[in-house]
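In the working numbering, the protein residues as written are 180 to 437.
We treat Cβ as the ideally placed atom computed from N, Cα and C, and that holds for glycine.
All values reported here derive from a predicted model rather than from experimental measurement.
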Amino acid sequence: GYALEIIKRKGYVLGIDQDEFPLRILKERKIANLDLYHGNYADLTVIAAKKGISCVDGIIFDFGLSSYQIEQSNRGFSFQKNEPLDMRFDQRSALKAVDIVNKYQAEELYEIFTKYSEELYSRSIAEAIVRTRTLKGDIKTSEKLRETILAGIKNVKSVNKNSVLARIFQAIRIEVNSDLINIEKGLPQAASLLRECGRLTVISYHSLEDRLVKKFMKQTARNKELLIITRSPVIPDYQEIRENSSSRSAKLRVAEKL
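Quick look at the structure:
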């Protein structure tokens, strides 16, 4: 959506995505002034150099999962489906969700659940995963993982089970794709590529992402590198959430190059 709006205004867009599938779909449409690259925003300056780009007017980061990834990819992103535990954005990557769930020790699982989901019941869920795979064999599907997570909190009263499931699936996805590490790598590169008055726009979808973005913008503002345009994040209104429920947790922050 962003790309097409920019192109309508006679702009040129270089679109970067770790997932090759949406890139293939867009390439088939042969849209003028849209160049596509299968890669990671953690390598932003390298990709820009390959394309002969030294500076840009604007950069947009959107950290959200696409509807394709949730509904059609068959990679186990959703706890509401029964799919193979993959969760890789980039299918060239080696580490899969099934590897984490079945090879990480209980303490390692506890650490990633705590770090990447801030889940209160991380310990009991990690222990339930190890117990299940030991007694019943490998956990290979999103449905089996869902059942195992719920087993880990079966004695907990007054808990929103869907929220727990969403947080644990999020933590595994972050570990598979190094999401937060890539954000920390990508944001400084984006700032370095902006020309004067160029704008950096970032849409995040959970507190861990937004925390990194907020910290980066504050730091670069102190260093007189960027000017923060959005003192508070822009969030979707009621009408937008009605039209697009996946936007409900989105936070948009904007900064301008000085």
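Would you please state the rounded distance, in angstroms, between the beta carbons of residue i and residue j? I believe it to be under 8 Å.
i: VAL355; j: ILE279; result: 7 Å
i: LYS189; j: ASP214; result: LYS189 to ASP214, Cβ: 15 Å. No contact.
i: GLY365; j: ALA227; result: About 12 Å separates the two Cβ atoms, so there is no contact after all.
i: ILE420; j: ARG427; result: 5 Å
i: GLY377; j: ASP241; result: About 18 Å separates the two Cβ atoms, so there is no contact after all.
So what does DSSP say about residue i, is it helix, strand or coil?
i: SER383; result: strand
i: ILE239; result: strand
i: THR409; result: coil
i: ARG267; result: coil
i: TYR216; result: strand
i: ASP196; result: strand
By alpha-carbon positions, which one of the options ends up nearest to residue i?
i: GLU363; options: THR380, VAL392, ARG346 and ILE382; result: VAL392
i: ALA307; options: PHE240, ILE347 and ILE210; result: ILE347
i: TYR384; options: SER371, ILE353 and ASN402; result: ILE353
i: ARG271; options: ARG378, ILE382 and PHE200; result: PHE200
i: SER252; options: ASP241, PHE240 and ARG267; result: ARG267
i: TYR289; options: SER301, GLU297 and ASN281; result: SER301
Confirm, please, whether the CB-CB distance from residue j to residue i is below 8 Å.
i: LEU373; j: ILE185; result: no
i: LEU244; j: SER321; result: no
i: SER390; j: PRO412; result: Here residue 390 turns out to be Arg, not Ser, going by the sequence shown. No, these two residues do not count as a Cβ contact at 8 Å.
i: HIS217; j: LEU202; result: yes
i: ARG312; j: ILE304; result: no
i: LYS294; j: ALA370; result: no
i: LEU387; j: LEU405; result: no
i: LYS340; j: ILE351; result: no
i: GLN368; j: THR224; result: yes
i: GLU298; j: PHE292; result: yes
Could you check if residue i is buried or exposed, using at least 16 other CB atoms within 10 Å of its CB as the buried criterion?
i: ASN212; result: exposed
i: GLY180; result: exposed
i: GLN349; result: buried
i: ASP358; result: buried
i: GLN248; result: buried
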